[in-house]
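Student:
Chains as they are written, first to last, in UniProt numbering: chain A, 1 to 255; chain B, 1 to 87.
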């Protein structure tokens, strides 16, 4: 069993130093890894990233993160990433990382992801250059997620987790105005999770949504936005699958 | 209330949302609705100071003629008391 702690949307401003650290210090007893699902800062500035870094620096568990849209707001996502990396955080964007936890190889594939909406109600790659690029950007994020999940399987990971900021499914958006769903995530991310194969998908972004959802392919989805989980983090005890995973991917290929 | 009044309230809510996103507070995650002739703010924010800042801005933008009500909560920064088992 793998113990996964996760939180997103902590939105730490410069006045938030030390807010979550007391809770994070308990991770030694409760989790094997801490996932951060983006929107770690309020405006994506270096001083805010330093606050986040101080919250997680030197924790007794590995910390793996993706950034969120707030972390991109000041066009300093590279600097924010560097500050977090200096504090020991593995920041993913279109790539993955593996951890060996009690003889189980755990793979985490991460991308911020982007929006566009869900099946039958989504933006199309058509028309103005801006509109096409909007959809293509999401498509690139999803494609990297699928590719990374496949690589993690090839690398012998018995457990795979997809970490995004934007939501792969509409289930976890319940409570948000339906009109803004297209700005909260994209079915392309769920399709990538189902085709690439994963045991759990973790995201943030939807503050008014709910914690639980599932992809069409049966992968459990958890919205860990802090306003949703109303705790410093959530912990999931994930059983290690007995057989080699990737049932959905092989199903899709054989159809 | 006249139809014009309702439309104006809609624009004022939109302006408040834009200001909350643009200002130092960078808040995009709360709900703002017209409810029973008042404006209602709801949702969950990281700190009490953040909540008070939002309410100050909302009062400036909307509070001159209409009551602003708050049901904003502050998220818990405590560790969870139990995990979720995912068999």
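Beta carbons are placed, not taken as given, at the ideal position from N, Cα and C, and that holds for glycine.
Is the beta carbon of residue 201 of chain A closer than 7 Å to that of residue 153 of chain A?
Tutor: What you label residue 153 of chain A is simply residue 153 of the first chain in a count that begins at 1. What you label residue 201 of chain A is simply residue 201 of the first chain in a count that begins at 1. Cβ atoms of residue 153 of chain A and residue 201 of chain A: not closer than 7 Å.
Student: Find the nearest neighbour of residue 257 of chain A within the set A/47, A/6, A/36, judged by alpha-carbon distance.
Tutor: The first residue shown for chain A is 1 and the last is 255, placing residue 257 of chain A beyond what the model contains.
Student: Counting only beta-carbon atoms, is residue 42 of chain A nearer than 7 Å to chain B?
Tutor: Along the first chain, read from residue 1 onward, the residue named residue 42 of chain A stands at position 42. It does: the Cβ of residue 42 of chain A has a partner Cβ on chain B nearer than 7 Å.
Student: Hey, does residue 139 of chain A have any beta-carbon neighbour from chain B nearer than 7 Å?
Tutor: Numbered from its first residue, the first chain carries residue 139 of chain A at position 139. No - not a single Cβ of chain B is within 7 Å of the one on residue 139 of chain A.
Student: Is residue 28 of chain A close to chain B, meaning its C-beta is less than 7 Å from at least one C-beta of that chain?
Tutor: If you number the first chain from 1, residue 28 of chain A lands on position 28. So no, residue 28 of chain A is outside the interface.
Student: Do three or more CB pairs link the stretch 68-80 of chain A to the stretch 27-44 of chain A at distances below 8 Å?
Tutor: yes
Student: With DSSP collapsed to three states, give me the class of residue 251 of chain A.
Tutor: The count along the first chain starts at 1 and reaches residue 251 of chain A at position 251. Here residue 251 of chain A scores only 47 on pLDDT, less than 50, and its place in the model is too uncertain to base an answer on.
Student: Looking at residue 112 of chain A and residue 66 of chain A, is the spacing between their C-beta atoms short of 7 Å?
Tutor: For the purposes of this step, residue 66 of chain A is taken as residue 66 along the first chain, with counting starting at 1. For the purposes of this step, residue 112 of chain A is taken as residue 112 along the first chain, with counting starting at 1. Closer than 7 Å, so yes.
Student: Compare the beta carbon distance of residue 49 of chain A and residue 235 of chain A with 7 Å and say whether it is the shorter of the two.
Tutor: Taking the first residue of the first chain as position 1, residue 49 of chain A is located at position 49. Taking the first residue of the first chain as position 1, residue 235 of chain A is located at position 235. It is not a contact, given that the beta carbons lie outside the stated cut-off.
Student: What in chain B is Cβ-close to residue 236 of chain A, meaning under 9 Å?
Tutor: Here residue 236 of chain A refers to the residue found at position 236 when the first chain is read from its first residue. 83, 84, 85, 86, listed in chain order.
Student: Please check if any C-beta of chain A sits within less than 7 Å of the C-beta of residue 38 of chain B.
Tutor: As a position in the second chain, residue 38 of chain B is number 38, starting the count at 1. No, no contact with chain A.
Student: Residue 84 of chain A by DSSP, collapsed to three states: which one?
Tutor: Translated into positions along the first chain, residue 84 of chain A becomes position 84. Helix at residue 84 of chain A.
Student: By the criterion of Cβ-Cβ separation under 8 Å, what are the contact partners of residue 10 of chain A in chain B?
Tutor: One-based indexing of the first chain puts residue 10 of chain A at position 10. By Cβ distance, chain B contributes 46.
Student: Leaving out five residues on either side along the sequence, give the residues of the same chain with a beta carbon under 8 Å from the beta carbon of residue 61 of chain A.
Tutor: Start at 1 with the first residue of the first chain, and residue 61 of chain A comes out as number 61. Taken in chain order, the residues that qualify are 5, 27, 28, 31, 32, 33, 34.
Student: Relative to the C-alpha of residue 54 of chain B, which residue among B/22, B/9, B/82 is closest?
Tutor: The sequence position of residue 54 of chain B within the second chain is 54, counting from 1. By alpha-carbon distance to residue 54 of chain B, the top candidate from B/22, B/9, B/82 is B/22.
Student: Who pairs with residue 39 of chain B in a beta bridge, going by DSSP?
Tutor: As a position in the second chain, residue 39 of chain B is number 39, starting the count at 1. In DSSP, residue 39 of chain B forms a bridge with B/34, B/68.
Student: How far does the beta strand (DSSP E) with residue 222 of chain A in it extend, from its first residue to its last?
Tutor: The sequence position of residue 222 of chain A within the first chain is 222, counting from 1. Run containing residue 222 of chain A: 220-223, per the beta strand (DSSP E) assignment.
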